[in-house]
Amino acid sequence: MMQNLTILGSTGSIGTSTLDVVARHPDKYRIFALTAFRQVDLLFRQSLQFKPDFAVLLDEAAGVQL
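Shown next, in the form of structure tokens:
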């Protein structure tokens, strides 16, 4: 059964490690949402790869760039 995941802090070490696991098991996991504080470039790349329904940046100025 496919599990939908929200990754809080997807640009941090735990978030990127979690996404590595998700990438190895696309038949088991789907990314519903990704969140980060301000690393817009990395969150953008993650969004292109995993195609979440939502991508959220806490830092408003960085969010405008996304």
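The numbering of the sequence shown is the numbering used here, which starts it at 95 and goes up by one.
Glycine included, each C-beta is placed from N, C-alpha and C at the ideal position.
Nothing here was measured: the structure is a model prediction, and the numbers come from that model.
Next on the checklist: Please give the ranges of any alpha helix (DSSP H) in the region 96-157, keeping only runs that are unbroken, at least 4 residues long and fully inside the region.
Outcome noted: 107-118, 134-144
Checklist entry - For Ala-130, which residues from the same chain have a beta carbon less than 6 Å from its beta carbon, with the 5 sequence-adjacent residues on both sides left out? => result Ser-104, Thr-105, Leu-137, Leu-151
Item to check | Sequence-distant residues of the same chain with beta carbon closer than 7 Å to Ser-141, five excluded per side | outcome: Leu-128, Ala-149
Item to check | Leu-99 burial status per 10 Å Cβ neighbour count (16 or more: buried) | outcome: buried
Checklist entry - Alpha carbon to alpha carbon, what distance is there between Arg-124 and Met-95? => result 11 Å
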